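Student: Just add 1 to the spot in the sequence shown (first one is 1) and you have this note's numbering. For every residue, glycine included, the Cβ atom is placed at its ideal position computed from N, Cα and C. Note that this is a predicted model, so its numbers are computed, not measured.
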Amino acid sequence: MPETMTNADNFWLCMDDPVNLMVITAVMEFEEPLDYNRLYATIDNRLACFPRFKKKVEKPLTGLGVAKWVTDRNFDLRSHIHRIGLPASGEKADLQEVISALQTKSLDYNKPLWDIHLIENYGKGCALFFRIHHCMADGIALVHVLLSTADSDPNAPWPDTKPQPSKRPSDFAPLFVFNSMMDSAKDMINTGQKLGKTVMKELEKVVTNPSSLKDWGTLSATISSDVAKVLSKHTIMPADPKTAFKGRLGVQKRMIWTKPIPLDKIKKVGKAISTTTLNDVLVATVTGAMRRYLKTKNTPVNKLDLHVAVPVNVRKPGTEFELGNKFSLVFLRLPVYLEDPVLRLKEVKRRMDQLKTSPDPYINFGLLSTIGALPATLAQKAAQVFGDKASGVLTNVPGPREPLYFGGKRISNFMFWVPRSGMIGLGVSIMSYNGNVTIGIACDDKLMPDPETMLEGFEQEFNELIELVQSGKIYDEPLVINDRYEEAKLLAKKVDSQEKDSESLQTDSSNNSDIDTKANDEPTQCQAVTKTGKQCLKTAAENSKYCHLHQEYQEQDTLLNDVAQIMRELAS
């Protein structure tokens, strides 16, 4: 019996484009070869057992309406598992080149939309590369399904039972936990459906006439204030400028990833900078890496804020194995303009905390569902209207703390990537597994032919934070003046306070001249602000407002005052 797709699933089916395939990919790395027969049995019993993995997509002949899932009567698992090899003792760069090439190949619509490549000769081991169309499920569900094919016991017998939902804990949390934003996924779905009915006609106007976006404000009379605010925000939010991360895309893609980073090292940074989380540290470091990369392309960065689309899981706990797309998107602004790593980290945290309490996710879920009900061409145009506002996609999935075994062999690392849409050329994935975190980049080869440079920037940014913490410099090293928003704001308040004090002193100067003379003769506290955001406790040097350590920054004081003055003018 054919099964009608949900609007959300149909949305991702419609988004397929020759230069941006809507395919979720993942790779498992092994230090030992896998037995092919056991691999086949594992996929047969633990992956192909999900009914959707045996169904193909049937699009409506008229091009109108939603596609259907139809059982493939000719399903043959052998046509979904492919066996290839790298040159003898292939290295990581060889593996990255192969999976980058595989990423550009469309899936066969005459079969269920997924395949697996066993890539042999990877060092002394091998790798498994998975490709699954986004219409089958979102990244959260697919990662859970793929990990369910593995065992926690290296001596586990050959698979002969269906996978069970994993209860393995993780040290890593999603970027945004949807349960903290809404009471339940049911509420969100109901809200999304109501929103869909209201904005369907408006969306049709937008995709056929983008200038009608300015009329979205009239919706506020018929929908809730939260919905109106989010729609208005989308309307007035300018599209990100074209950079190495965004523009006209080509067919070829690049997919690379870092070496696993110990979670303990990341946690040290979070503990040193109070209230920041592991996710805050990682997102801020990615922001710094983007800044470094753009500077290598001579892109002005000192006034640059870039948006990334962040998937938000809207599933109820325990339903991760239910295939389908049950997630929303929010736009996170990354402060690329901030050079100082500590201030950047604090600003990223502030912005992420704001999103965690916003109505954006459930409103955006309604928009995605509504767009999915439109004809394919209109859906693509509608998605482009909103998708082009961002420069990248940033996603993370928490994995298990302990090592897993596939086919009796230990999985040494696990990584995944999600597709992009519109002119977005950059995708950043964060995956935790076995006490480590891996950062992956998927990008357009035409826009960003050297993603290794960005990964190097990530390592440099992270090492800089680690050095600040381990050396203790985080407590006394001055803030870098360039684009110092928080420091300038602090100084603006300080200058205002000093001006008020000065006015008061002028009226009482004749009475306090002796006291002032005495105070000027006494040593004063250094006026520098440390990376913790507090004033330096050292005594200022003679004839200076700074201690000996911070004296070299005295000449920058005038520049900082200028920044503070600009901020006061903007605020007023």
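Taking its Cβ as the centre, do 16 or more other Cβ atoms sit within 10 Å of GLY473, making it buried, or is it exposed?
Tutor: By the 10 Å Cβ count, GLY473 comes out exposed.
Student: State the DSSP-derived secondary structure class of LYS56, mapped to helix, strand or coil.
Tutor: If DSSP states are grouped into helix, strand and coil, LYS56 belongs with the strands.
Student: Below 6 Å CB to CB, which residues in the same chain sit around VAL287 once its five sequence neighbours on both sides are set aside?
Tutor: Excluding residues within five positions, the ones whose Cβ falls inside 6 Å are VAL429.
Student: Can you find the residues in the same chain that come closer than 8 Å, C-beta to C-beta, to THR540, ignoring five residues on each side of it along the sequence?
Tutor: Excluding residues within five positions, the ones whose Cβ falls inside 8 Å are PRO524, THR525, GLN526, CYS527 and CYS548.
Student: Compare the Cα-Cα distances from ASP95 to each of TRP258, TYR406 and GLY289 and report the closest residue.
Tutor: Of the listed residues, the one whose Cα sits closest to ASP95 is TRP258.
Student: Check for me: the beta strand (DSSP E) holding ASN437 runs from which residue to which?
Tutor: Its beta strand (DSSP E) spans residues 437–445.
Student: Return the bridge partner residues of TRP13 from the DSSP annotation.
Tutor: DSSP output for TRP13 lists no bridge partner at all.
Student: Please go through the same chain and pick out, in chain order, the residues whose beta-carbon is closer than 7 Å to the beta-carbon of TRP159, but skip the five residues on each side of it.
Tutor: Closer than 7 Å at Cβ, skipping near neighbours: ARG39 and ALA42.
Student: What is the residue span of the alpha helix (DSSP H) that MET455 lies within?
Tutor: Element bounds for MET455: 452–472.
Student: Who are the near neighbours of HIS134 in its chain, counting only those whose CB is closer than 7 Å to its CB and skipping five residues on each side?
Tutor: Result list for HIS134: MET23, VAL24, LEU108, LEU114 and TRP115, in chain order.
Student: Going by the beta-carbon positions, is the gap between ALA327 and ARG316 smaller than 9 Å?
Tutor: Residue identity differs from the one stated: residue 327 is Lys in this sequence, not Ala. Their beta carbons are under 9 Å apart, which means LYS327 touches ARG316 by this criterion.
Student: In the DSSP assignment, find the beta strand (DSSP E) that holds ASN122 and state where it starts and stops.
Tutor: Per DSSP, ASN122 belongs to the beta strand (DSSP E) from 115–123.
Student: Do the segment 49–58 and the segment 445–461 touch if we need at least three Cβ pairs shorter than 8 Å?
Tutor: Result no; under three Cβ-Cβ pairs closer than 8 Å.
Student: Taking only the alpha-carbon atoms, compute the straight-line gap between ALA138 and ASP10 and give it to the nearest angstrom.
Tutor: Rounded to the nearest angstrom, the two C-alpha atoms are 7 Å apart.
Student: Out of LYS272, ARG352, VAL419 and PHE415, which one is the CA nearest neighbour of LEU307?
Tutor: Checking every option, the nearest Cα to that of LEU307 belongs to ARG352.
Student: By how many angstroms is the C-alpha of SER422 removed from the C-alpha of PHE12?
Tutor: Rounded to whole angstroms, PHE12 to SER422 spans 11 Å at the Cα level.
Student: Please list, in chain order, all residues of the same chain as SER90 whose beta carbon is under 8 Å from its beta carbon, the five residues on each side excluded.
Tutor: Contacts found: ASN122, GLY124 and LYS125.
Student: Roughly how many angstroms separate the alpha carbons of SER80 and HIS118, rounded to a whole number?
Tutor: If you take the alpha carbons of SER80 and HIS118, they lie about 11 Å apart.
Student: Nearest to ASP354 by CA position, among LEU333, LEU339 and VAL343, is which residue?
Tutor: Residue LEU333 is the option with its Cα nearest to ASP354.
Student: Put TYR338 into one of helix, strand or coil per three-state DSSP.
Tutor: Coil.
Student: Taking 7 Å as the limit between beta carbons, can you name the residues of its chain near THR454, skipping five residues before and five after?
Tutor: Excluding sequence neighbours, THR454 sits near TYR294 and THR297.
Student: One question on the structure: do VAL28 and PHE415 come within less than 9 Å of each other, judged by their Cβ atoms?
Tutor: Yes, Cβ-Cβ distance for VAL28 and PHE415 is below 9 Å.
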